[in-house]
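The block underneath contains the structure these notes are about, expressed in structure tokens.
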Amino acid sequence: SILPAFVCFKLYGRRLLVVIGFGLVLVGSILSTVKNHPTLFIGRIIYGLGVGCILQVLLFILEF
Numbered sequence: 014s015i016l017p018a019f020v021c022f023k024l025y026g027r028r029l030l031v032v033i034g035f036g037l038v039l040v041g042s043i044l045s046t047v048k049n050h051p052t053l054f055i056g057r058i059i060y061g062l063g064v065g066c067i068l069q070v071l072l073f074i075l076e077f
């Protein structure tokens, strides 16, 4: 998810990417609390996409 996050980062900026990342982490965390396995796996995938978005911004901030 870091490559699409990099493209969005260059097009829209840091702030929007962080908001999207935290939103995905929130949705993924909520879906991960459900007891059935397919929803748990989908929640973990969404959570990973959100962390990838946040890591893209974090890596850019740490470079400077």
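Read in order, the letters of the sequence shown correspond to residues 14 to 77 in this note's numbering.
Ideal Cβ positions, reconstructed from N, Cα and C, are used throughout, including at glycine.
(1) Relative to the C-alpha of L44, which residue among G56, K23, L68 is closest?
(2) Do the CB positions of L37 and L75 come within less than 8 Å of each other?
(3) At which residue ranges does the region 21-76 contain complete beta strand (DSSP E) runs of 3 or more residues, listed in the order of the chain?
(4) Decide if I59 is buried, meaning its Cβ has at least 16 other Cβ atoms within 10 Å, or exposed.
(5) Count the other C-beta atoms from every protein chain shown that fall within 10 angstroms of the C-beta of V47, then say buried if there are 16 or more, exposed otherwise.
Result, derived from the coordinates:
(1) G56
(2) no
(3) none
(4) buried
(5) exposed
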